[in-house]
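Trainee:
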Amino acid sequence: MNILNGIKILDFSRLLPGPMATKQLMQMGAEVIKIEHPNKPELTRLIPPFEDGISVSYLMVNKGKEVRQIQYETEEGRNDIYELVKEVDVLIETFRPGTMQTLGFDYETLKAMNPKLIYVSCTSYGQSGPYAHLAGHDLNFMAYSGLLANNKNADGNITMPSFQIADLYGGTEQIINSVLLGIIQRSKTNKGDWFDISITEATLPMNALLAPPIWYNEKAQAFDILSGKLPHYSYYKTKDDKFVVLAGLEDKFWQNLCTKLGREEWKSENIMTLIHRQDIRYELIDLFLTKTRDEWIEYFKNTEICFSPVLEFEETLSHPHFVEKNSYKYTEDGKHIIGFNLGIRSIG
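Position 74 of the sequence shown, counted from 1, bears residue number 73 in numbering that gives the first Met the number 0, the numbering being contiguous throughout.
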């Protein structure tokens, strides 16, 4: 995909949200110049395993970028940055508010050099507000946004996420959105702009199902629906200690499930009140223990009930769907996976 051909991005970001965003923008055709400080190495360079002495985690989000080692707090380094700013379309930074100004790279200064510059700042809590200068990472953002409290298991205990939800949605995706918005806006105004992303604030809409009842002072139903207590929207352990899920929220899928299992008496149940039929859920718990995961895959084959096996990440690497879709990016010799291809394709 080369839709962003001709767009140059100056990338001051570190760790995951920013580099992942610029990687995806690069996959859309943009040219990315990544700025690193020679005395302050990018932390992802230290994460094993390593390919030819370079962290695979680092390569996953940075391979293909032009990396410049610049001591940007010195006069020479600052001037190097200024020259680059004159050439690029976009600058992305993830420092705490005020840091870029201290370095001499604030929006107003750079705007004077390049009025068409699209300047994107992505921080924990945004450029303003009482928490603007606080440090934070994914778990903090989830905690403050209410998302973590909403991530409870069936027993009501908070579960620890093993992946960066806020970083990737509130950070990576909003950086990409800001860049694309900036490009569209500039095509109309011939001017750049400064986009201020608060990862925590951008994460709030992930409470979409929980929010409306609370806004109207009613009992939130989101926990009931997504807690795993709904028989038709839950995970189940199988005979071989693996897992499968049912996620058929619509009545037609519930009807299909009842038919397939030969439980006609369940069909009259209102699917939105099945939370009160824990006896059905317990029956399903026992039932799924009678076959292996693969046997259930075969059993429900061609049955529309929103059934899926729970795959370990390693299993996705050889899964026929992802293989055929070419979902992973490989090293030049084809021996190792080095990253992800975009889940977006231009097919017109």
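All C-beta atoms in this analysis are idealised placements derived from N, C-alpha and C, irrespective of residue type, glycine included.
Nothing here was measured: the structure is a model prediction, and the numbers come from that model.
#1: Do residue 29 and residue 6 come within 7 Å of each other at the CB atom, strictly closer than that value?
#2: Would you please state the rounded distance, in angstroms, between the beta carbons of residue 8 and residue 84? I believe it to be under 8 Å.
#3: By DSSP's criteria, residue 308 is part of a beta bridge. Which residues make up the other side?
#4: Buried or exposed for residue 25, going by 16 or more other Cβ atoms inside 10 Å?
#5: When DSSP labels each residue in this structure, what does residue 126 get in the three-state scheme?
#6: Does the distance from the C-beta atom of residue 11 to that of residue 92 stay below 7 Å?
#7: For residue 338, name the three-state secondary structure that DSSP assigns.
#8: Determine the burial state of residue 298: buried for a count of at least 16 other Cβ atoms within 10 Å of its Cβ, exposed for fewer.
#9: Only counting the same chain, and skipping five residues up and downstream in sequence, which positions put a Cβ closer than 6 Å to that of residue 99?
#10: Taking the alpha carbon of residue 284 as the point to measure from, which residue in 185, 335 and 242 has its own alpha carbon closest?
#11: Quick test of the definition: if touching needs 3 or more C-beta pairs under 8 Å, does the segment 318-335 touch the segment 263-275?
#12: So, helix, strand or coil for residue 60, using DSSP?
#13: Determine the contact status of residue 261 and residue 304, defining contact as a CB-CB distance below 7 Å.
#14: My output table needs one value for residue 67: the three-state DSSP class, helix, strand or coil.
#15: Apply the 10 Å Cβ neighbour rule to residue 120 and answer buried if 16 or more other Cβ atoms are within range, or exposed otherwise.
Mentor: Reading from the atomic positions:
#1: yes
#2: Residue 8 to residue 84, Cβ: 12 Å. No contact.
#3: 243
#4: When all chains shown are included, residue 25 counts as buried.
#5: coil
#6: yes
#7: strand
#8: Using a 10 angstroms sphere on the CB of residue 298, the tally of other CB atoms stays under 16, which defines it as exposed.
#9: 92 and 105
#10: 242
#11: no
#12: helix
#13: no
#14: strand
#15: buried
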